[in-house]
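Whatever position you read off the sequence shown (first residue = 1), add 1 for the working numbering.
Ideal placement from N, C-alpha and C gives every residue a C-beta, glycine not left out.
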Amino acid sequence: MASANNFGIEKGKGDVAVKWINEFIIKNNKSFKISITSNQLHTLNFGDFDLVEWDGDWSIARNVIKKSSSKLNIKVIEAGYHKKHNIVEAFFGMSQEYCKVYSSGKFVGTLILKRKSGNWIVDKEKRG
Numbered sequence: 002m003a004s005a006n007n008f009g010i011e012k013g014k015g016d017v018a019v020k021w022i023n024e025f026i027i028k029n030n031k032s033f034k035i036s037i038t039s040n041q042l043h044t045l046n047f048g049d050f051d052l053v054e055w056d057g058d059w060s061i062a063r064n065v066i067k068k069s070s071s072k073l074n075i076k077v078i079e080a081g082y083h084k085k086h087n088i089v090e091a092f093f094g095m096s097q098e099y100c101k102v103y104s105s106g107k108f109v110g111t112l113i114l115k116r117k118s119g120n121w122i123v124d125k126e127k128r129g
């Protein structure tokens, strides 16, 4: 089972989204757990996001995050993309995380995240 803590849901809409995702998971008999963390991510172009952590399959995570954006008309961050870098950087957690941003189910931009003091911060962002 995979897990991550860098997917995001538009600030203030996390409870509704997590409730919808959990109902969708139960209805479709999938094995997946999601919860809102206390961490937030601030972007200039896309607004603020509550970070969520999840346990399950990557394909399910990406699917439900994108679906929740479409069904609930919210912005979400779908993370988990990596560029191949130096293996030493990856081992020590210094590599970057690439993310897609969706609004109402449509792709609106990308983010590059990095870790600072154990928290995710936006390094770069790009619309469209």
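Opposite arginine 63 in the DSSP bridges: which residues? Paired residues: none, contrary to the question.
Kindly identify the DSSP beta-bridge partner or partners of leucine 52. Gly9
Do the segment 96–114 and the segment 19–28 meet, that is, are 3 or more Cβ pairs less than 8 angstroms apart? no
Apart from the five residues on each side of it in sequence, which residues of its chain come closer than 7 angstroms, Cβ to Cβ, to lysine 84? Gln97, Tyr99
Pairwise C-alpha distance: threonine 111 and tyrosine 82: 11 angstroms
What whole-angstrom Cβ distance do valine 65 and glycine 15 have, given they're in contact under 8 angstroms? Not a contact, Cβ separation roughly 14 angstroms.
Alpha carbon to alpha carbon, how far is alanine 80 from leucine 45? Give it in angstroms, no decimals. 18 angstroms
Environment of aspartate 124 [buried if 16+ CB atoms lie within 10 Å]: With fewer than 16 other Cβ atoms from the protein chains shown falling within 10 Å of its own Cβ, aspartate 124 counts as exposed.
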